[in-house]
Amino acid sequence: MPERGAPGLAEQERPGHRKERVREIVARLRAEYPDARTSLTFHTPLELLVATVLSAQSTDVRVNQLTRELFAKYPTARAYADAPLDELALDIKPAGFYRTKAKYVRETAQQLVNRFGGKVPRTMDALVSLPGIGRKTANVVLGNAYGIVEGIVVDTHVTRVSQRLGLTTEQDPARIEQDLMAPVPREAWLDFSNLLIYHGRAVCQARVPHCEKCVLLDLCPTGRARVRLTAALTRHDC
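The opening position of the sequence shown corresponds to residue 182 in the working numbering, with each subsequent residue numbered one higher.
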């Protein structure tokens with residue numbers, strides 16, 4: 182079941198208090214993860230676009246393992262656009278869901294060639310008009326390849342951590358993004374995503390979050406509730 186975090190807090194917390202709490206969250210996570218950035222390896226906007234598409238339902242580690250050879254074989258949008266679909270699918274098979282991803286990558290490349298001169302566009306509207314490209318992928322590319330920040334990347338880690346922090350009760354990524362854009366300062370939107378992703382991997386993990394060693398414990402209603410419950414069960418067992 183989707184995690185709901187702290188029910189009601191996102192609606193009940195005063196906007197001013199939430200902004201202060203978010204600023205403190207960002208400050209602590211920046212101190213904890215000073216090198217937080219996208220984990221995908223890329224050198225060009227096209228490489229990042231392809232890598233982000235491949236990372237869906239996969240891991241950045243797995244994607245990075247296959248893209249070195251993939252990027253050498255397909256250095257341009259034209260190369261992807263002209264690739265036999267079955268061959269491209271086999272080339273990206275380790276990323277999972279390879280037939281669907283190959284279709285999206287090739288169709289996107291064809292549109293890049295036909296509509297944008299083979300270049301990855303620099304606007305949200307243009308990016309989300311491409312096959313299989315949503316706001317998450319567009320935000321990743323704009324922010325990390327072009328330094329253009331138009332929103333907050335919402336992946337599974339950002340969803341889980343922001344829910345636990347009581348910053349949203351939504352399940353839909355677009356609505357979660359809207360909930361986060363209000364309290365998070367615009368200049369921190371890109372950092373915020375990367376910081377929550379790092380924290381979600383290292384501490385606020387899906388199955389067993391390590392609340393007892395979390396630098397955000399006093400700012401996290403879900404973490405505090407978990408710690409209280411653990412303490413109560415320990416006393417009962419004793």
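No residue lacks a Cβ here, since even glycine has one placed at the ideal position from N, Cα and C.
Pull up the distance between the alpha-carbon of residue i and that of residue j, whole angstroms please.
{"i": "Gly298", "j": "Val286", "result": "16 Å"}
{"i": "Ala412", "j": "Ala406", "result": "10 Å"}
{"i": "Lys300", "j": "Gln246", "result": "24 Å"}
{"i": "Arg259", "j": "Gln291", "result": "7 Å"}
{"i": "Ala217", "j": "Ala208", "result": "13 Å"}
{"i": "Glu213", "j": "Leu400", "result": "15 Å"}
{"i": "Thr304", "j": "Leu323", "result": "7 Å"}
{"i": "Lys274", "j": "Leu221", "result": "17 Å"}
{"i": "Leu361", "j": "Val242", "result": "27 Å"}
{"i": "Thr421", "j": "Lys282", "result": "The structure shown has nothing for residue 421, since the chain only spans 182 to 419."}
{"i": "Val330", "j": "Phe252", "result": "25 Å"}
{"i": "Trp370", "j": "Gly197", "result": "18 Å"}
{"i": "Leu398", "j": "Leu410", "result": "14 Å"}
{"i": "Gly387", "j": "Gly315", "result": "The sequence given here places Ala at residue 387; Gly does not occur at that position. Approximately 24 Å between the Cα atoms of the pair."}
{"i": "Tyr261", "j": "Ala319", "result": "19 Å"}
{"i": "Pro139", "j": "Leu308", "result": "Missing from the structure shown is residue 139; the chain here goes from 182 to 419 and no further."}
{"i": "Leu266", "j": "Tyr255", "result": "13 Å"}
{"i": "Thr257", "j": "Lys284", "result": "16 Å"}
{"i": "Asp306", "j": "Glu250", "result": "31 Å"}
Within the same chain, show all residues whose beta-carbon is closer than 6 Å to that of residue i, passing over the 5 residues directly before and after it, in chain order.
{"i": "Cys395", "result": "Val384, Gly404"}
{"i": "Ala326", "result": "Pro226, Leu229"}
{"i": "Pro354", "result": "Val335"}
{"i": "Val321", "result": "Thr233, Val334"}
{"i": "Arg199", "result": "Pro364"}
{"i": "Thr248", "result": "Ala232"}
{"i": "Met182", "result": "In this prediction, Met182 has a pLDDT of 40, which is less than 50 and means its spatial position is unreliable; nothing more can be read from the coordinates."}
{"i": "Phe223", "result": "Leu229, Ala232"}
{"i": "Thr349", "result": "Ala191, Ser343, Ile357, Asp360"}
Leaving out the 5 sequence neighbours to the left and right, which residues in its chain are closer than 7 Å to residue i when beta-carbon positions are compared?
{"i": "Gly277", "result": "Gln238, Ser239"}
{"i": "Leu377", "result": "His338, Val339, Val342, Ser343"}
{"i": "Glu393", "result": "Val408"}
{"i": "Asp336", "result": "Lys317, Ile378"}
{"i": "Leu311", "result": "Thr289, Gln292"}
{"i": "Glu351", "result": "Ile357, Asp360"}
{"i": "Ser374", "result": "Ile333, Val334, Val339"}
{"i": "Ser236", "result": "Leu221, Val244"}
{"i": "Gly313", "result": "Val234, Tyr285, Thr289"}
{"i": "Gly189", "result": "Unreliable positioning characterises Gly189 in this predicted model, as indicated by a pLDDT of 47, which lies under 50. The coordinate reading is nonetheless provided below. Around Gly189: no qualifying Cβ."}
By Cβ distance, which residues of its chain are closer than 8 Å to residue i, with the 5 residues on each side in sequence left out?
{"i": "Asp263", "result": "none"}
{"i": "Leu421", "result": "Not covered by the structure: residue 421. The range shown for the chain is 182 to 419."}
{"i": "Arg204", "result": "Pro366"}
{"i": "Asp372", "result": "Val207, Arg211, Ala217"}
{"i": "Glu194", "result": "Arg202, Gly347"}
Would residue i be called buried (16 or more neighbouring beta carbons within 10 Å of its own) or exposed?
{"i": "Ala232", "result": "buried"}
{"i": "Asn295", "result": "exposed"}
{"i": "Gly332", "result": "buried"}
{"i": "Gly328", "result": "exposed"}
{"i": "Glu268", "result": "exposed"}
{"i": "His391", "result": "exposed"}
{"i": "Gly381", "result": "buried"}
{"i": "Pro364", "result": "buried"}
{"i": "Val389", "result": "exposed"}
For a test of your reading of the model: does the CB of residue i fall under 7 Å from any non-hydrogen atom of the ligand MN? Yes or no.
{"i": "Thr350", "result": "Only the bare structure without any ligand can be found here, which leaves the ligand MN out of the picture."}
Are the C-beta atoms of residue i and some chain D residue less than 8 Å apart?
{"i": "Asp306", "result": "The question asks about chain D, but that chain is absent: this structure has only one protein chain."}
For the stretch 250–310, which segments carrying the alpha helix (DSSP H) assignment without a break, of at least 4 residues, lie completely within its bounds, in sequence order? 258–263, 266–272, 279–297, 305–309
What residue ranges within the stretch 335–414 form continuous alpha helix (DSSP H) runs of no fewer than 4 residues, ordered along the chain? 337–345, 354–362, 370–383
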